[in-house]
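Quick note, the working numbering runs 21 ahead of the 1-based positions in the first sequence.
First comes the structure, then the notes that go with it.
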Amino acid sequence: MTGVTLRRPDLRWPIPAEISSLLPGQEIIGLRRRAKYLLVDTAPGSALLHLGMSGSLRVLPANTPATAHDHVDVALDSGKVLRFNDPRRFGCLLWQPAGSIHDLLRNLGPEPLSDDFSGDYLFDRSRGRSASIKTFLMDQSIVVGVGNIYVAESLFRAGIAPARQAGRVSRDRYGALAAAVRAILAHAIQRGGTTLRDFINPDGAPGYFEQELFVYGREDEACKRCGRALKGSRLGNRATAWCSHCQK
DNA sequence: CTCTTAACCTGGACGC
DNA sequence: TGCGTCCAGGTTAAGA
22 MTGVTLRRPD LRWPIPAEIS SLLPGQEIIG LRRRAKYLLV DTAPGSALLH LGMSGSLRVL
82 PANTPATAHD HVDVALDSGK VLRFNDPRRF GCLLWQPAGS IHDLLRNLGP EPLSDDFSGD
142 YLFDRSRGRS ASIKTFLMDQ SIVVGVGNIY VAESLFRAGI APARQAGRVS RDRYGALAAA
202 VRAILAHAIQ RGGTTLRDFI NPDGAPGYFE QELFVYGRED EACKRCGRAL KGSRLGNRAT
262 AWCSHCQK
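This is how it looks when you write it as structure tokens:
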């Protein structure tokens with residue numbers, strides 16, 4: 022990459038000086054993902070990005086005029102520009118020196134599609150925990166990547182009520198839950214994600230998983246399984262919908 | 001250590 | 001039409 026342009030000094034957090042001082046001239050030697058963080062590896066270290074809920078990264082032709090919320094440009098050797106746009110600025114751009122692990126990555130739980138994630142793992146981690154199973158499953162130190170949409174769908178699929186205390190769910194039910202999380206995530210990815218408002222995937226198309234949601238965003242609507250009206254409440258400051266007949 | 005709450009930010013939906 | 005208000009999202013910081 023030949024240069025970095027910052028149009029503002031911060032996103033969610035200040036953009037560290039290394040992004041401007043160390044990146045230009047470096048070769049990108051790797052691209053990785055951990056949880057919802059992206060890592061762009063160079064010799065002196067890695068740029069650490071999170072797209073928040075509204076961020077996007079796109080490779081555009083050189084001289085593409087910047088528009089609203091285009092916060093960062095990286096000029097590539099090809100002449101094209103890698104552009105980071107994030108209307109709501111929940112995303113971040115940070116720096117991880119080579120050989121170190123950023124604090125944000127240090128205490129993350131396993132990847133949900135990896136072998137480290139299982140019902141037995143969840144069962145073990147949940148003993149003695151009084152928080153709701155929903156809050157527990159959204160805790161990034163327990164398992165990464167499960168946000169408000171997919172936790173709702175996973176709990177429905179597993180038949181577990183979201184307010185149930187995490188420490189009071191049996192090993193067998195955690196087995197069902199782990200399987201549900203895997204199935205939901207894999208299917209949603211295959212469907213191109215979930216478009217709620219303005220999300221589009223890298224191909225510029227919306228995600229289609231929304232059409233297959235069973236409970237998320239469907240408070241007071243009919244349960245697709247039993248027909249009863251879905252319940253709605255808030256858990257951990259987040260909207261929560263579930264079926265009190267199908268989920269116990 | 002665990003749990004809860006507030007905060008970050010903007011655009012869109014809604015009510016007046 | 002225009003304005004104010006509320007909410008969504010992922011995640012962490014701070015406080016209890």
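Glycine residues also receive a C-beta, built at the ideal position from the N, C-alpha and C atoms.
*Sequence-distant residues of its chain with Cβ nearer than 7 Å to R55 (five each side left out)*: Answer for R55: L126, L129, listed in chain order.
*Out of curiosity, what's the CA-to-CA distance linking S75 and D91?*
As the crow flies, the alpha-carbon of S75 is around 12 Å from that of D91.
*Check whether the segment 136-147 touches the segment 103-115, counting contact only when three or more Cβ pairs, one atom from each stretch, lie closer than 8 Å.*
no
_Output needed for R218: all residues of its chain with C-beta closer than 6 Å, excluding positions within five of it in sequence on either side, in chain order._
Residue placement at R218 cannot be trusted, given a pLDDT of 47 that sits under 50; what the coordinates show is reported in the next sentence. Here the set comprises nothing.
*For P45 and V95, the rounded distance between their alpha carbons*: Approximately 8 Å between the Cα atoms of the pair.
*asked:* In the DSSP assignment, the beta strand (DSSP E) including Q211 goes from what residue to what residue?
replied: Q211 -> not in any beta strand (DSSP E); alpha helix (DSSP H) instead, spanning 192-211.
_Of the listed residues Y195, A38, E233, G100, nearest to G213 (C-alpha basis)_ = If you compare the alpha carbons of Y195, A38, E233, G100 with that of G213, the shortest gap goes to E233.
*May I ask which residues mark the beginning and end of the alpha helix (DSSP H) holding V172?*
169-179
*Cα-Cα separation between L158 and R109, rounded to whole angstroms*: In this structure, the alpha-carbon of L158 lies about 25 Å from that of R109.
*Close Cβ partners of L59 (< 6 Å) along its chain, the five nearest in sequence each way excluded*: L70
*Does the segment 131-140 touch the segment 162-169, meaning 3 or more C-beta pairs lie closer than 8 Å?*
yes
*Keeping to the same chain, check which residues put their C-beta closer than 8 Å to that of Q47; ignore five residues upstream and five downstream.*
M22, T63, A64, P65
*Can you tell me the Cα-Cα spacing of D124 and S67, whole angstroms?*
13 Å
*Report yes if the C-beta distance between A187 and I154 is below 8 Å; otherwise report no.*
In this structure, I154 lies closer than 8 Å to A187 by Cβ.
*Cβ-Cβ distance between R239 and L256 below 8 Å*: no
_Using a Cβ-Cβ cutoff of less than 7 Å, which residues in the same chain neighbour V236 once the five nearest sequence positions on both sides are dropped?_
A173, E174, F177, L251, A262, W263, C264
*To which residues does DSSP link K252 through a beta bridge?*
W263
_R29 versus F138: straight-line alpha-carbon distance, rounded_ = 38 Å
*Who are the near neighbours of G149 in its chain, counting only those whose CB is closer than 8 Å to its CB and skipping five residues on each side?*
G188
_CA-to-CA distance, A152 to D193, given in whole angstroms_ = Cα-Cα distance, rounded: 19 Å.
*Report buried or exposed for I205, applying the criterion of at least 16 other Cβ atoms within 10 angstroms of its Cβ.*
buried
*Locate the alpha helix (DSSP H) running through G140, then write down its first and last residues.*
140-147
*When we look at the beta-carbon of G100 and count the other beta-carbons within 10 Å, is it buried (16 or more) or exposed?*
exposed
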